[in-house]
Structures are given as structure tokens and as C-alpha cells.
Amino acid sequence: MTKAGWFGLPALLAALILAFGWHIAVGAKTVPLHVVLEALVAYDKSNFDHVVVTDLRLPRAVYAVLVGAALAVAGALMQGVTRNPLAEPGVLGLLTGASFVVVMAVGYFQVIDPAFIPLLAALGAAVTAALVWGIAAAAPGGSTPLTLVLAGAAITGFLAAFISLAHLLDQESFDRLRVWLTGTLAGRSTDVLFWALPWLIGGLLLALLLARQVTALAMGDETAVGLGVDVARVKMLAMLSVIALTAAAVAIAGPMAFVGLVIPHVARIIVGADYRAIVPVSAVLGAVYLLVVDIAARMVLAPIEVSTGIVTALLGAPFFVWLVRARL
Amino acid sequence: MSVLVLSPWNGRISLRLHRHALVVAALLLVALIGVSVASLMSGSYPLSLRGVWQTLTGNPPEEIAQTVLWEFRFPRTIVSAVAGALFGLSGAILQYVTRNPLADPSLVGVSQGAGLAVVSAIVLFPEMNLVWRPLLAFAGALIVAALIQSIAMQRTGGATMRFILTGIGVAAFIAAITNTMLTYGDIDQAQAALGWLAGSIHAVGWPEVWSLTLCLAILTPGLIWSARYLSALRLGPEVSIGLGVPIRAARIGMITLSVALAAFAVAAVGPLGFVGLVAPHLARRLAYSGVGQHLLLTALTGALMVGLADFIGRIAFAPVQIPAGILTAILGVPVFLLLILKTQSTRQL
Amino acid sequence: MKHAKTDIEFLASRTGTVSAPCLRADRLCVGYAATKIVHDVDLQANPGEVTILVGPNGCGKSTLLKAMARVLKPMSGAALLDGQSVHAMPTRDLARQLALLPQGPIAPEGLTVHELVSQGRFPHQSLTRQWSADDSRAVTDAMKAADVAEFADRRVDSLSGGQRQRCWIAMVLAQETDVILLDEPTTFLDLKVQVDVMTLLREIAREKGRTLLVVLHELNIAAMFADHIVIMRDGRLIAQGAPERVITTENLAAGFGLQATVIMDPVTGRPVCLPAIAGPAT
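Residue numbers (my numbering), protein chains in the order written: chain A, 85 to 412; chain B, 4 to 352; chain C, 9 to 290.
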């Protein structure tokens with residue numbers, strides 16, 4: 085890790101704590117920061133503010149942290165392994181694939197056991213990833229940023245059409261899922277969190293373990309082979325990590341687009357090309373980013389709450405366009 | 004390849020036509036009429052072929068047939084065909100001008116721009132007269148098209164690839180704004196807008212028929228004028244200049260025409276995806292021909308596609324009606340993927 | 009400075025004898041945005057001759073050609089066809105007098121040779137008059153001249169590089185213009201095919217009295233086929249004139265920074281450049 089990285093990590097953690105506190109303080113009723121702190125360290129059941137903080141706001145802030153970290157790390161891995169600046173679980177269709185399977189299972193087969201949700205999401209993400217890469221690799225010229233993004237966009241459009249179709253055929257079952265499908269942190273049950281957590285932690289650990297090899301891979305397959313990296317194995321494991329992280333994020337919050345695109349690029353600007361630094365910094369930055377975005381989602385059109393996923397798209401899409409202009 | 008040269012009036016007018024393409028055009032027309040008739044016959048109140056004929060000629064078998072056919076099915080059939088033709092033509096022109104086989108109004112943000120304009124109108128000004136919709140859609144689409152052009156074209160080289168990717172990014176951004184608009188809006192209006200966004204033709208009536216017919220009438224001279232220039236433009240900008248094409252004016256004119264075609268179709272039936280992408284390719288596979296005839300074939304193919312999508316959507320899960328936009332996406336995406344796989348040189352992307 | 013002066017004298021001596029249309033650059037400066045790429049170029053291409061522009065990569069030879077074909081606007085100076093600025097003429101009128109074959113053109117998928125060549129008739133057609141007997145004759149002639157008549161119904165994308173390039177040349181010929189500009193028409197072709205293409209172009213200039221201005225990469229091919237050769241470097245003319253006069257050890261050093269011996273080909277009488285290896289010979 086670079087000097088700046090070591091120096092920056094405490095600053096990032098401070099930013100995370102600040103954003104976390106702010107996120108809890110903001111809402112229909114503003115809770116002062118010191119009360120937030122009190123509720124966390126000296127919980128008083130009779131204090132209404134304390135109840136609001138621990139029962140409603142704290143879980144939501146925790147979701148934001150987890151989902152932001154998971155998506156950012158997934159994006160970082162994808163960009164490193166594919167050497168594609170536009171790679172991201174959302175752009176390449178993994179989020180839609182994961183949510184498609186979840187929607188179908190919940191809507192059609194009444195799967196409500198939260199234990200299965202991350203598993204189903206992982207299944208969807210894995211199949212979509214295989215499809216998108218398969219198509220892009222089979223195209224003349226191989227998996228370029230263009231073919232990957234196009235294949236991702238096509239699969240997204242295709243699955244979205246099927247989700248709309250299912251929604252039309254069975255309004256009642258699917259109405260419940262509509263808000264979730266835009267990517268939201270509101271009103272999620274803690275059961276899902278419990279079952280998603282193992283996936284998330286596993287994915288993050290795997291990402292950290294792979295970081296050194298991914299740094300070599302980001303310099304090109306041949307260079308990596310020359311440096312003694314088992315390219316096929318690292319790619320496979322990286323993909324596993326991406327799928328686990330995507331599955332956990334989707335299970336908690338639905339498809340939250342462009343988080344994985346923006347954060348790794350920012351992380352790279354801060355700490356350079358070493359993925360041993362990029363991965364942890366992306367995780368923290370992703371958490372901060374989603375906390376701030378979620379605050380914005382609740383405040384901009386207050387009292388109406390905009391889905392967090394809409395706000396990440398509003399912020400991420402221009403960034404995508406800028407990347408296309410600057411980097412391709 | 005048999006080419007027919009028609010030179011009436013002492014060669015003052017002369018046209019080159021491919022015989023095979025003419026045959027295919029005739030077949031497409033027959034198929035379109037077939038689908039239209041089937042579409043007139045079927046629904047919750049089924050009519051026989053005879054019944055349809057009798058009603059159209061003015062002596063319906065039952066009173067209700069008159070209403071069902073004239074007020075609902077007939078406008079719907081016409082609108083789906085015309086809108087399909089407009090989408091197809093829009094995509095074909097875009098593909099010729101950008102020399103990009105993957106260009107499509109719904110893929111490069113034009114449909115989304117038109118969609119956002121109309122959704123904003125539905126949500127913010129629910130009382131607005133339908134007449135304004137095509138103009139709003141056109142304005143929205145034009146702004147987005149200009150935005151994408153200005154972003155994608157500022158640096159040299161690889162411009163068509165950047166054009167497509169920029170379009171995808173801008174489309175995602177506009178979709179997010181549209182979603183915000185839906186969240187912000189009143190639930191009833193949001194529902195109406197949502198239904199319209201899915202690309203549905205079930206709500207159309209005679210006003211849409213007239214507005215689309217008017218649009219087609221206005222744009223047809225432009226289309227005829229454009230065919231000649233498109234045939235030169237498809238050889239690339241520098242060759243076109245060498246052949247004497249006023250390139251800047253021609254490009255701006257064509258893209259505006261393409262945007263207008265898509266916008267008017269979107270205003271009537273919502274942003275149907277992939278028709279503009281698939282119809283031109285399908286038309287070319289059916290019969291190889293010059294640009295003018297290719298446009299004709301594309302229009303017929305697009306009309307047939309949307310007509311068929313609407314028809315299937317109406318009967319497949321009856322009484323639930325599936326919006327045509329869902330079906331065009333489900334049918335269009337595999338073709339799109341096939342195109343990615345088959346495009347011969349990535350240099351053209 | 010010395011070269012520039014002799015060039016102007018040389019131009020003055022030539023213009024007097026010319027009556028058919030000639031293409032001339034008059035103190036032409038061209039560039040993109042703020043960067044000037046071509047500086048004050050004076051140049052003339054005459055009927056019945058092949059004029060060839062050579063120079064190292066990035067010397068501005070293609071930019072100069074594009075400006076003379078009105079693809080690029082000049083920053084100052086003018087490109088003149090028979091004394092008239094090509095940038096001031098209506099583009100279609102100009103297209104009937106001046107044709108351009110850009111570098112590495114790509115035909116759309118599925119286009120047949122006949123259709124491609126027919127496209128050369130564009131400036132002679134109009135909305136109501138899409139195809140005339142004249143067009144038919146011009147296309148047949150052009151395909152015969154470029155020796156692609158046998159492929160007429162084949163798809164352009166199914167042909168070899170050399171055949172494809174001949175089809176594009178046929179398209180330009182079908183335009184039936186007095187002046188033809190070609191940007192690197194032999195790049196990526198085998199040596200034999202390069203010679204074939206250049207022989208074809210020389211025939212066109214000689215037999216039909218056309219004015220050809222060609223940008224070439226290959227110095228020896230240029231020396232073999234040029235009636236008039238122009239060496240450019242950094243956007244300026246280094247030398248121009250008959251190949252025997254221009255292809256000299258000094259000019260090659262000045263134009264390309266190349267150490268070379270120049271010998272005369274005993275068969276063609278043309279100069280041939282033999283690059284020397286830097287450093288002491290072993």
C-alpha cells in the first residue's frame with residue numbers, strides 16, 4: 085500500500101463514522117447526533133428517539149454500509165480481472181440476473197424463507213455472468229468493453245421484459261416486489277440480513293485474499309502468467325467472490341446500479357494500482373457513498389422518499405458517460 | 004441479381020428496382036394484411052371474417068360489433084402498423100448515417116428522451132391535450148439526441164462505438180429521472196405513465212390514428228429525399244464528401260428525421276424497444292436491395308413486427324393483455340445478441 | 009527557403025503551358041483546431057500526369073490532400089481548381105469535376121461491386137433521375153478500365169484486398185471527373201498488387217488526360233510511377249519536380265532523415281532509393 089493509502093485509511097474510517105452518524109440522525113424527525121450516540125452506547129428503552137434510532141434507523145444504516153461495500157468491491161474485482169473500466173455488476177447485467185431469479189422464486193413459487201434468497205440471487209448472478217461473458221467472448225474481437233456492455237444491456241432488457249410480464253400476469257404477488265426492484269434500503273427485514281451476511285463476509289475475504297493476484301492480472305494476462313499467477317484459477321475465484329457479493333447486495337437491497345462502477349475508480353485515484361489497497365478502500369468508500377446517497381434519497385424530495393437505487397443511477401450514469409468519453 | 008429499370012416519361016424519371024425485393028415487399032404486405040385481419044377478428048368479442056367484412060362495409064351483424072371494431076380494434080391495428088413502420092424507418096436511417104449496425108432509437112436514448120418528456124407531461128400536467136404529446140416527445144428526443152451527439156463526437160476516432168456506449172449511459176440516466184418522476188407523481192397518474200412506458204397499444208383510438216398519419220404524411224417527402232443520400236452516406240463520410248454530398252447538412256437532416264420518426268411513434272404507443280434495431284436487419288436478410296427499397300421493406304417489416312407483437316400480446320394470456328413493448332423486447336433481444344455475434348468486423352462497431 | 013523559391017519559379021514556368029483543368033494549392037495552410045499541420049504549401053497537379061505526395065508519417069500529406077478535396081477547410085490560402093476555390097464551389101458541382109478516394113474505405117456489408125461502382129454516379133443523378141443510359145455506360149467503362157467487370161455481381165466484402173481496391177478505384181472512375189485524388193491507395197497491398205494498382209492509375213492519367221494527385225507511403229513505388237513527385241516534411245514542401253531530380257540523397261536526408269544511396273534503375277530509368285544502415289559497414 086502506498087504512503088497516501090496508509091495515511092488515508094484513518095481519514096476514510098473517520099468519514100465512515102461521520103456518515104453513519106449523520107445517516108441515523110436524518111429522517112422524518114431529526115435526531116441530534118449526541119442523542120444518536122447515546123442510543124448506541126447507553127440505550128434507554130423509554131426514550132422514543134432511542135427506539136427510533138435502534139429499531140428503524142440503525143438497521144438501515146447497516147444495510148447501506150454492507151451493500152455499498154459489497155457492490156464497490158465486486159466492481160473493483162470485475163474491473164481488475166477484465167481490465168474493463170466499465171465493468172460493474174449492474175452494467176454487465178448481474179444485478180438484473182440476480183433479482184430476476186429472486187422475483188420469480190418469490191412471486192411464482194412463494195419462496196419466503198430468507199435463507200434461500202441469497203442463494204437464489206447468487207444463482208441468477210452466476211448464470212447471467214456466464215451468459216454475458218460467453219456472448220462477449222464469442223463475438224468477433226472477443227470481450228471488449230463494448231461487447232460486454234452491449235451483452236449486459238441486452239440481457240438486462242430481456243430479463244426486465246420478463247419481470248414486467250410476470251408482474252402483469254400476477255399483479256398481487258409482484259406488487260410487493262416493485263419497490264425492491266428499484267433498489268431500496270427501506271423496510272428490509274433483518275432475517276435476510278442474517279442470511280446474506282455469510283455470503284458478504286465470504287466474498288469480502290476472498291476478494292482480499294485475491295487482491296495481490298488481481299493486481300498482476302490487471303496488467304494483462306500474459307504479464308500475470310509471467311509473474312507466476314494461475315490466471316484461470318484467479319479469474320474463477322474472483323468471479324465467485326463477485327457473485328457472492330452481488331448476491332448478498334441484491335438479497336438485502338435489490339438491484340442498486342452503478343455503485344460498483346463509481347467507487348473503484350475513485351479508490352484507484354486515491355491509492356493507485358495496487359488491489360491490496362484498492363479492495364479495502366473501495367469497501368469503505370462504497371459504504372460512505374451509499375450512506376450519503378441514502379441520506380440524499382430521503383431528503384431531496386422530502387417527505388417523499390426516492391428509491392436509493394434511482395439516486396445511484398442518477399449519479400452513476402453521468403459518471404459512466406464520462407468514463408466512456410475519457411477512457412475509451 | 005435482377006434489376007428492373009423503370010423509365011417512364013422518356014427517362015425523365017427513372018427508378019432502379021430489384022425484382023426479388025418487390026416480391027418480398029408484396030409478401031410482407033400480404034402478411035401484414037393477414038395479421039391485421041386476424042387482429043380485427045380476435046378479442047373478448049370474437050368476430051368471424053364475414054362479420055369483420057360486414058362491419059367494415061357498413062352493415063354490422065350486431066350493434067356492438069360496430070363499436071368494438073370501429074372504436075377499438077381498427078384504430079389499434081392501424082396504429083400498431085404505422086408505429087412499427089416509423090420505428091423501423093427510424094432505426095434504418097440511424098444505422099445508415101452512423102454506419103453502426105447496432106444503432107436503435109431505444110438503445111441510444113432517443114426513445115427514453117421522448118418517454119421522459121411524455122411521462123413528465125402525464126405526471127405534472129395530467130390535463131394536457133393529447134395533441135401536444137408528439138411535439139413534446141419530439142422535443143425530448145431531439146434534446147437527448149443532440150446531447151449524445153455532442154458528447155460522443157467531440158473526439159476523433161472510434162466515434163460510433165462511443166456513440167452507442169454514450170447512448171446506453173444517457174438512457175440509464177434518463178430512465179432514473181423518469182423513475183423519480185413516477186415516485187414523485189400521484190399514484191393514478193404514475194400508473195397511467197407506467198402503462199404507457201411499457202409500450203402498450205391497447206389504449207389508442209382515432210386521435211392517435213390521425214396524428215400518426217399526419218406525421219407519416221409530413222415525413223414521407225423527407226424519407227424519399229433521404230434515400231439517395233443514405234446510399235452515399237453508408238460508404239463513409241469522406242467518400243460521401245468526394246461524391247458531392249453536403250455532409251453536415253445531410254447528417255443533421257437525417258438524424259433529425261430519424262429522431263422525429265421515433266419520437267412520433269413513441270408519443271403514440273410508448274417506447275417500444277428493439278423494433279428499430281431488428282426490422283432493418285430482418286428486411287435486409289429477406290431481400291437484398293438498394294436503399295430506397297430497403298426502407299420500404301423495413302417499414303413493412305416493422306409494421307408486421309409490432310402488429311404481430313400486439314396481436315400475440317392480446318391473445319396469448321387473455322384476458323390479461325401483454326403490452327407490445329414487452330414482446331418486442333423478448334423477441335428483439337435474441338436477434339440483437341445474434342447481431343453482436345455476427346457483426347463481421349469489430350471495426351464497424 | 010532556397011527550395012521554396014525554386015518551386016515557385018518552377019510552378020510559374022509550368023502554368024503557362026496548361027489549358028485543361030489543373031489542381032493547385034496556393035499558400036495553403038491547414039490544421040485541426042489550433043494546431044497548424046500544413047504550412048504555406050504551393051503545389052500544382054497537371055492533366056495527363058500522376059502527381060505523388062510522399063513524406064514521413066505525420067508530415068501532413070494526407071491532411072493536404074483532404075484540404076484539396078474540400079474535406080477539410082483551409083486556415084488560409086486556397087485550393088484552386090482551374091483558378092476557382094474548391095471550398096467556394098457547390099459541393100455537387102465540384103464532385104462532377106473532382107473525385108476523392110479516401111484512405112482505407114469500408115464498404116457496407118453485402119454491397120455488390122456493381123452497386124459500389126454505380127455509387128460513383130451520385131453527383132450526376134437526382135431525386136427523379138436515378139439511373140440513365142449515361143450512368144450505365146460510365147459504370148461499365150469504369151469496371152472495364154479497373155478490370156473488375158468479372159466480379160460485377162460479387163459482394164465487395166468477399167474480395168481480396170487488391171480486388172477491393174480496384175473496385176473503389178472503379179467507383180471513382182465512374183464519377184468521370186477530370187481530377188482524381190487518392191489517399192494511400194496501395195497501403196496494405198502486396199508489392200505485385202501495388203504495382204498493378206499504380207500501373208492502372210498511370211494509364212488513367214496518360215490515356216484519358218486526367219489529373220491524378222496521389223498520396224503514397226512507398227517511396228520506390230512513388231519514384232517509379234510519378235510524373236511529378238512532392239516530398240513533404242512537418243507540413244512543408246521539401247522538394248518537388250520530376251523523380252530523377254527530386255529523389256536525391258540530399259532530399260531524402262532532408263525529407264525523411266534517411267541515409268540512402270540513390271541509383272538509377274537500368275530498365276525504367278527511374279531512381280531507386282537504397283537505405284543505408286547507420287554506423288560503419290561490416
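Glycine included, every Cβ here is placed at the ideal spot set by N, Cα and C.
Keep in mind that this is a model prediction, so the values were computed, not measured.
- Boundaries cannot be given for D128/A, as no beta strand (DSSP E) includes it and DSSP labels it neither H nor E.
- In this structure, the beta-carbon distance from A250/A to A335/A does not fall below 9 Å.
- Runs of beta strand (DSSP E) with 3 or more residues, each lying fully within the segment 18-61 of chain B, are found at 18-21, listed in chain order.
- Residue-level contact check: G46/B does not touch chain A, since none of the beta carbons of chain A fall below 9 Å from its beta carbon.
- Residue ranges of uninterrupted alpha helix (DSSP H) with 4 or more members, entirely inside the segment 339-395 of chain A and ordered along the chain, are 343-355 and 359-383.
- Here G305/B is buried: its Cβ has 16 or more other Cβ atoms, across all protein chains shown, within 10 Å.
- E117/C belongs to the set of residues whose beta carbon lies under 9 Å from a beta carbon in chain B.
- Using beta-carbon distances, G66/C does not count as an interface residue toward chain B, since no partner is under 9 Å.
- DSSP places A284/C outside both helix and strand once states are collapsed to three, so it counts as coil.
- For P82/C, there is no enclosing alpha helix (DSSP H); the residue is found in the beta strand (DSSP E) stretching over P82 to L89.
- Taking the beta carbon of V376/A as reference, no residue of chain B falls within 9 Å; the closest one sits roughly 17 Å away.
- One Cα belongs to G310/A, the other to G170/C, and the distance between them is close to 40 Å.
- With its beta carbon at least 9 Å from every one in chain B, L261/A lies outside the interface.
- Following the DSSP letters along the chain, one finds Y232/B in no beta strand (DSSP E) but inside the alpha helix (DSSP H) bounded by residues W209 to L236.
- Of all residues in the segment 95-111 of chain C, those with a C-beta nearer than 9 Å to a C-beta of chain B are P98, T99, R100, D101, L102, A103, R104, L106, A107, L108, L109, P110 and Q111, reading in chain order.
- Assigned with DSSP and collapsed to three states, G94/B falls in helix.
- For Q152/B, the number of other beta carbons within 10 angstroms of its own is at least 16, and it is reported as buried.
- Chain B has a Cβ within less than 9 Å of the Cβ of R78/C.
- For Y192/A, no beta strand (DSSP E) segment is defined; the enclosing uninterrupted segment is the alpha helix (DSSP H) at L178 to F193.
- Under the three-state reduction of DSSP output, A270/A falls in the coil class, being neither helix nor strand.
- Our two residues, L341/B and A221/A, have alpha carbons roughly 13 Å apart in a direct line.
- When DSSP states are grouped into helix, strand and coil, K113/A belongs to the coil group.
- Below the 9 Å Cβ cutoff, chain B contributes no neighbours of P387/A, its closest Cβ being approximately 11 Å away.
- Close CB contacts of V180/C within its chain, under the 7 Å cut and outside five residues either way in sequence, are with A107, L109, G128 and I188 (chain order).
- The Cβ atoms of A201/B and V126/B do not sit closer than 9 Å to each other.
- Between W199/B and V121/B, the CB-CB gap stays under 9 Å.
- Just measuring C-alpha positions, the residue of I36/B, A312/B, N132/B and L275/B sitting nearest G118/B is L275/B.
- Counting only residues of its own chain and dropping the five nearest sequence neighbours on each side, F90/B has a CB closer than 8 Å to the CB of P108, L264, A265, A268, L275, V278, G279, A282, G305 and V309.
- Contact between the segment 129-141 of chain C and the segment 231-239 of chain B is present: three or more C-beta pairs spanning the two stretches fall below 8 Å.
- The alpha-carbon separation between L133/B and W56/B amounts to approximately 31 Å.
- Ranked by Cα distance from A230/C, the first of L88/C, L190/C and G243/C is L190/C.
- Scanning its chain for C-beta atoms nearer than 7 Å, with the 5 sequence neighbours on each side dropped, one finds around M206/C the residues T194, I229 and F233, in chain order.
- The criterion of a C-beta distance shorter than 9 Å is satisfied by L292/A and V363/A.
- Within 10 angstroms of the beta-carbon of L199/C lie fewer than 16 other beta-carbons, which makes it exposed.
- With respect to L25/B, Q296/B sits close: the two C-beta atoms are nearer than 9 Å.
- E192/C has a beta carbon lying at 9 Å or more from every beta carbon in chain B.
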